[in-house]
Each structure stands twice: as C-alpha cells, then as structure tokens.
C-alpha cells in the first residue's frame, strides 16, 4: 500500500474519493477518463491506476497525443509494416502493442483528430487493430486511461470529439480537483 501511495498524495475528502474510484477502476481493468486542469497530476493518477491493480507488472506506456503530428499518430499507436510508406524499411510495433497486458495512457486525448478517434474507438471495442500497411489483426489486452484538460462534453457538442469514443473512455470518470480546492493537501505535497 505504501508503494502505491508514493504516486498520489492528499488526505482531503475530494482526492480520497478520486483515489478510491481509481483503485476500483484499476482492479476491474476498465477504461478511465481523467480530467482536470493542467498541473493537477493526471499522469500521476494514471501511474497510480497502473500500480494499484493486476497490470502493475506489465508495461505502462504514456502517449502525449498533442506532441505527435497527426499524420504520425496512427503509426505511433498501431505500428506499421515494412514498406507501408516511404522510409518504412522494417516493421515497427505500435505503442498499443507494446502496452499489451498493461496500461496505455493517452494524454491530451482531446487533440486527437476525428479520423484517428474512429480508429482508436474500433481498436478499443475489438481489442485489436491492423498495423499501417498491414492486413492481419493484432490482438491486444490493454487498459486505456485517457486524460484531458479540456471540457470533452463541450467538444462533443461542437462535433470536435466523438461522442461514442467519449462514452467508451469514461467507463470511470475521474476529475482531479485543483489544489486551490483542497488546500489541506498542501503540507503533504510540499513535504511537511
């Protein structure tokens, strides 16, 4: 238990509720959507989920969707076969395949283009995908943890984020409250 507590600090009722739901989501290996302002610790919570459940000995792979060019995101997530495009000299395993058995953390999921959202939704639903340029289905067992600092319901309303993917990701919905709403956690966070 202490090893897991190293990941997330706080004794406030708000954060304790988040941690309780995070542990349940971890045990059940269901998809989790983490929301909160920038700097609230979304990736820290994702690592806590990984370390709290049956997947803790398997990989934790973090992908910052905003940091990868839209044209490269599919190849990063699903990999590619040799010859799939210019410069693809040999097969490359995608991060979803590398995370097999573990947790795939998709940070800033709101920046993912709509066409890629459709491909991700299919991969989550079928627990399989095809590498770019490939014909064979690659089966995976991955718990998806996604995070966003943007208001996804608003993006869904504006048709900038797929509603079906939103609901698929938020089997468990965890909102991390900002520190200004849980000031009692400050001493623990700064080491007092």
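Numbering (the numbering used here), first residue to last: 26 to 217.
Heads up, the beta-carbon is just placed ideally off N, CA and C, and yes, glycines get one too.
Computed from a prediction, not measured in an experiment: that's the story for all the values here.
May I ask which residues mark the beginning and end of the beta strand (DSSP E) holding residue i?
i: residue 59; result: 57-60
i: residue 89; result: 85-89
i: residue 171; result: 168-173
i: residue 73; result: No beta strand (DSSP E) holds residue 73; the alpha helix (DSSP H) holding it covers 67-77.
i: residue 129; result: 128-132
i: residue 198; result: 197-200
Could you give the C-beta distance for residue i and residue j, rounded to a whole number, given that I count them as a contact under 8 Å?
i: residue 193; j: residue 146; result: 6 Å
i: residue 153; j: residue 164; result: 5 Å
i: residue 171; j: residue 131; result: 4 Å
i: residue 174; j: residue 61; result: 7 Å
i: residue 210; j: residue 37; result: 5 Å
In the DSSP assignment, find the alpha helix (DSSP H) that holds residue i and state where it starts and stops.
i: residue 193; result: 188-194
i: residue 161; result: Where residue 161 is concerned, there is no enclosing alpha helix (DSSP H), given that its DSSP letter is neither H nor E.
i: residue 103; result: 95-103
i: residue 44; result: 38-53
i: residue 150; result: 139-151
i: residue 182; result: 177-182
i: residue 120; result: 120-123
Pick out whichever of the options has its Cα sitting closest to the Cα of residue i.
i: residue 40; options: 196, 101, 70; result: 70
i: residue 136; options: 93, 83, 35, 150; result: 93
i: residue 115; options: 157, 140, 138; result: 157
i: residue 48; options: 36, 38, 72; result: 72
i: residue 101; options: 90, 79, 111; result: 90
i: residue 113; options: 119, 120, 105; result: 105
i: residue 126; options: 176, 77, 85; result: 85
i: residue 75; options: 205, 168, 197, 176; result: 168
i: residue 124; options: 103, 186, 50, 178; result: 103
i: residue 185; options: 140, 150, 197, 195; result: 140
i: residue 82; options: 160, 51, 134; result: 51
i: residue 142; options: 162, 187, 78; result: 187
i: residue 195; options: 109, 138, 149; result: 149
i: residue 151; options: 134, 166, 42, 45; result: 166
i: residue 110; options: 159, 181, 138; result: 159
i: residue 155; options: 46, 122, 88, 80; result: 122
i: residue 162; options: 108, 87, 118, 79; result: 118
i: residue 87; options: 197, 191, 182, 134; result: 134
Using a Cβ-Cβ distance cut-off of 9 Å, determine whether residue i contacts chain C.
i: residue 123; result: The structure shown has no chain C; it contains just one protein chain.
Check your understanding: Touching or not, the segment 90-101 and the segment 44-57, by the rule of three or more beta carbon pairs under 8 Å?
Key -> no
Review point. Can at least three beta-carbon pairs, one atom from the segment 196-207 and one from the segment 62-73, be found at a separation below 8 Å?
Key: yes
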